[in-house]
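One structure is given below, encoded as structure tokens.
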Amino acid sequence: MKRIITFGTYDLLHIGHIRLLERAAKLGNHLIVGVSSDELNMSKKDRAPVYSTQDRVEIIKALKCVNEVFVEESLEKKGEYIQKFNADILVMGDDWEGKFDEFKSLCDVVYLKRTDGISTTQLIGDISERL
Ligand code: C2G
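Residue numbers (my numbering): 3 to 133.
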């Protein structure tokens, strides 16, 4: 029984998010997802997500490959979340390659390849060009 934990904003859910979550789920038996709060996003990206924290949580909860969802309040609390949820593997996209190696003392850390050519920022740009 392996418990996987991963983190993200998942704003305007797209195929890159789905592929990452499905591949993460396959590494174990139970996938736990930390969805970053609106406040955390403002500090991280200087932009409010299009969908609210509660809507993003609800959307991620509805996915077949996801077992448990919580709100990630702070980037500094990753170690606490790993321990609280008893995670065996931390999975992140490879845009974070090497950034979470400090948690190797708590669990395995795996970086998965991102899907090329799609991002929330790009989607916002594409949609606004169509208006
Ligand atoms: N992702 C992907 N391919 C893309 C876009 C995103 O595989 N084309 C992955 C990211 O690597 C990440 C997950 O989907 O693992 C969620 O992406 P974001 O919502 O952009 O998450 P981010 O804002 O990077 O938040 O604590 C860390 C942060 O909360 C991560």
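Built from N, CA and C at the ideal position, the CB exists for glycine as well.
Alpha-carbon spacing of residue i relative to residue j, whole angstroms
i	j	result
Lys101	Ile7	15 Å
Phe9	Ile91	12 Å
Phe72	Ile34	8 Å
Asp135	Ser38	For residue 135 there is no data in the structure shown, the boundaries of the chain being 3 and 133.
Val112	Glu104	12 Å
Ile40	Met3	Inspection of the sequence shows that residue 40 is occupied by Asp rather than by Ile. One C-alpha to the other measures close to 32 Å.
Arg49	Leu15	16 Å
Ile62	Glu99	23 Å
Asn2	Gln124	The structure shown does not extend to residue 2, since the chain spans only 3 to 133, so no value can be given for it.
Lys66	His32	11 Å
Tyr53	Thr11	10 Å
Beta-carbon proximity check, residue i vs residue j, cutoff 8 Å
i	j	result
Gly30	Arg5	yes
Ile120	Ile17	yes
Asp97	Arg116	yes
Leu108	Ile84	yes
Asp135	Pro51	Only positions 3 to 133 of the chain appear in this structure, which leaves residue 135 out of reach.
Gly95	Leu22	yes
Distance cut-off 7 Å: residue i Cβ against heavy atoms of the ligand SAM
i	result
Ile120	By its list of ligands, the structure shown excludes the ligand SAM, since it contains just the ligand C2G.
Item to complete: For the segment 96 to 131, list the beta strand (DSSP E) runs that are entirely contained and at least 3 residues long, ordered along the chain.
Response: 110 to 114
Discussion item. Is it the case that the segment 74 to 83 contacts the segment 48 to 65, given that we only count it when at least three CB pairs across the two stretches are under 8 Å?
Written reply: no
Practice prompt. Kindly provide the ranges of any beta strand (DSSP E) runs that are 3 or more residues long and lie completely inside the segment 23 to 47, ordered along the chain.
Written response: 32 to 38
Worksheet item: Can you give, in chain order, each stretch of the alpha helix (DSSP H) that sits fully within the segment 60 to 89 and has at least 4 residues?
Response: 80 to 86
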